[in-house]
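Numbering (mature numbering (1 follows the signal peptide of the UniProt record, and there is no 0)), first residue to last: -19 to -1, 1 to 563.
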């Protein structure tokens, strides 16, 4: 059955009932062939109380407003029209009977557009209706093919052309329909808006061989040279048939194997290469290759090719023997995390047979799966102890491959308990050991002295980082009385920690307890420590700061007003300097 609603089928109106109001009725769209004519049916209405003696009217092109000076198509008062419409336009209707039907002849493409009618009843009783008709000038017949043409199912194809020229009537004929069926001419049919079309039908049962067939329709106007042709290619849908496939293949390990699968269908099929139910490759194409480079015995098996579309499917198989060791595992996941976050690490590989996957850290197994190609490691609420190097190992009977990856856990500083201070005669050394990621800043505070020394003051503080540990040493000289309170503070972007460093071993009565001989030994040890730090710092900063002269001492915090009580007088004025290092 033909469907005629190819144009919008409604009358344009501005009033709900005829009479008593300004209103106009015309087709919203109308079509005609180039070189022919077109009759635009039109009716209008106006208030009954006006009772004009004479009714005039004007047709405008592309604009309803006279002040815009649109081209005049027809004007009943003066017969003056735009040059494009001279000799081409006339009124078929009787304006007195409220019929404004317009005829346009010798149509050309530039006449396509919007047409507006204006009623003129004299004086101020003039009204341009916003309702209009759009003229579409065509030069090919419209061949209507069903949205879906399936092989083996009867279809109806129609040829439809406009027939809105009262002076010229089209005659239709089919081109290239041999072997498809005989046409049925329905003749001239009226559409809902008062426009007309000529229709011819063609019924047939298509085959897959008819796909792409070019079918044509011709509209000819008798006693003229006007002749128009339109064509449509049949898009016949049919299921796939596999037409190309390897026979069984035997391959030597390390050789190249290429498997091909080709199918004929419309639309093109989805071709899928599978092995043991696993999809290896798929694509929408007429043929699909599966290339196996340097095959191993581990790739042995039956490979299936499945061709399918919306209308059916076909499948065939080919046998191949190969096996292979796991590929180098790939690790996708978080490599940097903040303490307390959950970390998910995915390790994946491919092999035949499927491998055993294991994730290690420091030779400790954290996770493992058997005969799986993926392994997920979940670390809820990571701690600094989770920081470090991990290994993902994949293995089967044909080999083993491994991939290393690092997890960096960032956390606030932690001052370790081995941090402390030690006093020897008039020198105090404080050790602050901090575990942190990223590297923290370290500062030493002496509350009683209202002094803070940070790690950038390298003449007083020596710092060294190893892994996650940062060790800072503060040296205070001239501390002759009770050792001062020393607070170590470390901070990074995740937090701050402070610790008052305890004094180990000697306190301010240490000299009295160990005696003069012990003091000499302890002082000698202190000299050795200071010399080592000084010489190391000199070597490290030789390009950064001027060298000390032979008589210069290294910089230390010096407090001449303090003394350590209980020490013999002969040791109280002794200073530690680089001269003691020789």
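The beta-carbon is built from N, C-alpha and C at its ideal position, and this holds for glycine as well. In this text the structure is predicted, and so the values were computed from the model without any measurement.
#1: Let me make sure I understand the geometry here. Which of 450, 49, 119 has the alpha-carbon closest to that of residue 649?
#2: May I have the straight-line CA-CA distance separating residue 151 from residue 111, to the nearest angstrom?
#3: What separation, rounded to the nearest whole angstrom, lies between the Cα atoms of residue 330 and residue 376?
#4: State the Cα-Cα distance for the pair residue 294 and residue 190, rounded to the nearest angstrom.
#5: Identify whether residue 76 lies in helix, strand or coil by the three-state DSSP scheme.
#6: Give a yes or no on whether 8 angstroms exceeds the smallest Cβ distance from residue 61 to chain B.
#7: Closest by CA to residue 291, which one among 73, 248, 357, 305?
#8: Three Cβ pairs or more, each shorter than 8 angstroms: is that satisfied between the segment 148 to 166 and the segment 218 to 226?
#9: What's the C-alpha gap between residue 269 and residue 242?
#10: Note down, in chain order, each residue of its chain lying with its Cβ closer than 8 angstroms to the Cβ of residue 526, except the 5 sequence neighbours on either side.
#11: Between the segment 8 to 23 and the segment 200 to 212, do three or more beta carbon pairs fall short of 8 angstroms?
#12: For residue 339, count neighbouring C-beta atoms within 10 Å of its own C-beta (all shown protein chains included) and say buried if the count is 16 or more, exposed if not.
#13: Can you name, in chain order, every residue of its own chain whose Cβ lies under 7 angstroms from the Cβ of residue 297, other than the five neighbours on each side?
#14: Could you check the C-alpha separation between residue 93 and residue 10 for me, to the nearest Å?
#15: Based on Cα-Cα distance, which residue from 371, 42, 58 lies nearest to residue 310?
#16: Pick helix, strand or coil for residue 370, following the three-state DSSP scheme.
#17: What three-state label does DSSP hand residue 365 in the structure shown?
#18: Using 10 angstroms around the beta-carbon of residue 345, count the other beta-carbons present and answer buried if the total reaches 16, otherwise exposed.
#19: Tell me the DSSP secondary structure of residue 66 in three-state form.
#20: Going along the chain, which residues of its own chain have a beta-carbon closer than 6 angstroms to the beta-carbon of residue 185, five neighbours each way excluded?
#21: In whole angstroms, what separates the C-alpha of residue 212 from that of residue 45?
#22: Got a sec, what are the start and stop residues for the beta strand (DSSP E) residue 94 sits in?
#23: Would you kindly check if the distance between the Cβ of residue 8 and the Cβ of residue 175 is under 8 angstroms?
#24: Answer yes if the segment 249 to 263 comes into contact with the segment 227 to 235, meaning at least three C-beta pairs across the two stretches below 8 angstroms, and no otherwise.
#25: Please tell me whether residue 33 and residue 42 are closer than 8 angstroms, where the distance is taken between their beta carbons.
#26: Note down, one range per segment and in chain order, each beta strand (DSSP E) of at least 3 residues found wholly within the segment 1 to 46.
#27: Can you tell me whether DSSP reads residue 502 as helix, strand or coil?
#28: Using the C-alpha atoms, what's the distance from residue 421 back to residue 389?
#29: Can you tell me which of the three DSSP states residue 232 falls into?
#30: Would you grab the beta carbon distance between residue 580 and residue 333 for me? Rounded to a whole angstrom, and I think it's under 8 angstroms.
#31: Looking only at C-alpha atoms, which of 343, 357, 471, 319 sits nearest to residue 337?
#32: Taking the alpha carbon of residue 53 as the point to measure from, which residue in 369, 35, 98 has its own alpha carbon closest?
#33: If you draw a straight line from the alpha carbon of residue 80 to that of residue 134, how long is it in whole angstroms?
#34: Taking the alpha carbon of residue 188 as the point to measure from, which residue in 217, 182, 197, 208 has its own alpha carbon closest?
#35: Where does residue 106 sit, in a helix, a strand or coil, going by DSSP?
#36: DSSP has residue 242 in a bridge; who is on the other side?
So, to answer that:
#1: Given that the chain is displayed from residue -19 to residue 563, the structure contains no residue 649 and the question cannot be resolved.
#2: 32 angstroms
#3: 10 angstroms
#4: 18 angstroms
#5: helix
#6: Included in the structure is just one protein chain, with no chain B present.
#7: 248
#8: no
#9: 5 angstroms
#10: Any reading at residue 526 must be qualified, since the residue scores a pLDDT of 34, below 50, and its modelled position is unreliable; the value itself is stated next. Closer than 8 angstroms at Cβ, skipping near neighbours: no residue.
#11: yes
#12: buried
#13: 223, 226, 286
#14: 11 angstroms
#15: 371
#16: strand
#17: helix
#18: exposed
#19: helix
#20: 161, 162
#21: 38 angstroms
#22: 94 to 101
#23: yes
#24: no
#25: no
#26: 4 to 6, 10 to 14, 19 to 21, 24 to 26, 37 to 42
#27: Any reading at residue 502 needs caution, since the residue's pLDDT is 41, under 50, leaving its predicted position unreliable; the model's value is listed next. Note: residue 502 maps to helix in three-state DSSP.
#28: 15 angstroms
#29: coil
#30: Since the first residue shown for the chain is -19 and the last is 563, residue 580 is missing from the structure and cannot be characterised.
#31: 357
#32: 98
#33: 49 angstroms
#34: 217
#35: coil
#36: 226, 269
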